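K.L.:
2 protein chains.
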Amino acid sequence: MRFKAEIDVMPLDALLDPQGKAVTGSMKNIGLEMIDGVRVGKHIRLFVEAASRGEADAKVEEACKKILSNQIMESYSFTLEEV
Amino acid sequence: MRFKAEIDVMPLDALLDPQGKAVTGSMKNIGLEMIDGVRVGKHIRLFVEAASRGEADAKVEEACKKILSNQIMESYSFTLEEV
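Respectively, the protein sequence lines represent chains A and B. Anchor point for the first sequence: position 77 equals 77 in my numbering, and the numbering is continuous, going up by one each time. Anchor point for the second sequence: position 12 equals 12 in my numbering, and the numbering is continuous, going up by one each time.
1. Output, in chain order, the set of chain B residues within a Cβ distance shorter than 9 Å of A:G41.
2. Beta-carbon within less than 6 Å of A:K4's beta-carbon, same chain only, minus the 5 sequence neighbours each way: which residues are those?
3. So with CB distances below 8 Å, who are the chain A contacts of B:A50?
4. Could you spell out the range, first to last residue, of the alpha helix (DSSP H) harbouring B:D57?
5. Where does B:S69 fall in DSSP's three states?
6. Mapping the DSSP letters down to three states, classify B:M27 as helix, strand or coil.
7. My understanding is that A:I7 touches A:L68, with C-beta atoms under 8 Å, so please give their C-beta distance in whole angstroms.
8. From what residue to what residue does the beta strand (DSSP E) around A:E74 run?
9. From the beta carbon of B:G37, is the nearest beta carbon of chain A less than 8 Å away?
10. Can you list the residues of chain B that A:G73 reaches, using a CB-CB cut of under 9 Å?
11. Please check if any C-beta of chain B sits within less than 8 Å of the C-beta of A:S26.
12. Does the separation of the CB atoms of A:K59 and B:M34 fall below 8 Å?
13. Could you please give the first and the last residue of the uninterrupted beta strand (DSSP E) stretch that includes B:M10?
The following block contains the structure:
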């Protein structure tokens, strides 16, 4: 079975996000002052071959922990869909 | 009304994604060879004040076009949720 994973990796809420803060500032400059609280992270799409949804979930979890996120500064979440 | 937008900005499928390609290679090095086709984009979370869902949608659309994505190289999609 082949699954597609859509993964979000975001800076932890407790941490400052300078990039998000800069973007929030830019919104005001282009007349979008009703937008605030911008936070910028990564979105990762990948495919995984696995015998079951449970196995695919475990592999994506492992990828998130080992490569895709830095758990000191970031949190991750993902959805899996069979393709 | 206050809405939270969750925005994905991804490199267009027609374009190479060197970062994604590097991550796909790294997966093999750490024993996750069942993972492939990695593509890396941005995930942006923001809040918008608007009188209606339609107005919020239009403001987020404008932000995506003007600041958050480069439409020559990237596509975007988002979801809105009242908070």
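C-beta atoms are modelled at their ideal positions from N, C-alpha and C, and glycine is treated no differently. Note that this is a predicted model, so its numbers are computed, not measured.
P.N.:
Working from what's here:
1. Taking the first residue of the first sequence as 1, we reach residue 41 of chain A at position 41. Residues of chain B passing the Cβ test: K42, H43, I44 and R45.
2. Within the first sequence, numbered from 1, the residue matching residue 4 of chain A stands at position 4. Counting only Cβ-Cβ distances below 6 Å, and skipping sequence neighbours, we find F47, E81 and V83.
3. On the second sequence, position 50 is the one that residue 50 of chain B refers to. M34, listed in chain order.
4. By 1-based counting over the second sequence, the position of residue 57 of chain B is 57. Looking at the DSSP string, the run of the alpha helix (DSSP H) that includes B:D57 is R53 to A63.
5. Along the second sequence, read from residue 1 onward, the residue named residue 69 of chain B stands at position 69. Reduced to three states, the DSSP call for B:S69 is coil.
6. Your numbering for residue 27 of chain B matches position 27 in the second sequence. Residue state, collapsed to three classes: helix.
7. Translated into positions along the first sequence, residue 7 of chain A becomes position 7. Translated into positions along the first sequence, residue 68 of chain A becomes position 68. Yes, they are in contact, since the Cβ atoms of A:I7 and A:L68 sit about 6 Å apart, within 8 Å.
8. Numbered from 1 along the first sequence, position 74 holds the residue referred to as residue 74 of chain A. Unbroken beta strand (DSSP E) run through A:E74: E74 to E82.
9. Reading the second sequence from its first residue, position 37 is the one you call residue 37 of chain B. Yes, B:G37 lies at the interface with chain A (some Cβ there is under 8 Å from its Cβ).
10. For the purposes of this step, residue 73 of chain A is identified with residue 73 of the first sequence, where counting begins at 1. The question names Gly, but residue 73 of chain A in the sequence shown is Met. Result: empty, since nearest Cβ-Cβ is about 15 Å, beyond 9 Å.
11. Residue mapping note: residue 26 of chain A aligns to position 26 of the first sequence, counting from 1. Chain B, which has a Cβ nearer than 8 Å to the Cβ of A:S26, makes this yes.
12. Here residue 59 of chain A is taken as the residue at index 59 of the first sequence, counted from 1. Here residue 34 of chain B is taken as the residue at index 34 of the second sequence, counted from 1. Their beta carbons are under 8 Å apart, which means A:K59 touches B:M34 by this criterion.
13. If you number the second sequence from 1, residue 10 of chain B lands on position 10. From DSSP, the beta strand (DSSP E) with B:M10 extends over R2 to P11.
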